[in-house]
Ligand SMILES: [Zn+2]
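Residue numbers (this note's numbering): 2 to 91.
Structure, rendered in structure tokens:
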């Protein structure tokens, strides 16, 4: 499972990736996001994954993302970006 920490500090998981005709037309796949309880949460563009205004961090480690929530909440954006870079290095 791949988990995503969004900029609103919610956490979702990647349910599926769509590459239908419409996506091919757009030249960009769609990513369907579920809540952690399995309910539909959102559908985002592939490029949103790399937009720091949308996504703070991506990880297979849900606990790590949960630990980041209060840190980011208390410290703002600079720290979030720092943590994201650190996460991607690992
Ligand atoms: Zn599609």
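The beta carbon of each residue, even a glycine, is placed where N, CA and C say it ideally should be. Remember, predicted model here, so these are calculated numbers, not experimental data.
Item	Value
Enclosing alpha helix (DSSP H) for residue 24 [first to last residue]	22-27
Burial state of residue 48 (16 or more Cβ within 10 Å)	exposed
Sequence-distant residues of the same chain with beta carbon closer than 8 Å to residue 61, five excluded per side	2, 3, 4
Whole-number beta carbon distance between residue 6 and residue 12, since they are thought to touch under 8 Å	6 Å
Residue 31 vs residue 19 beta-carbon contact at 7 Å	yes
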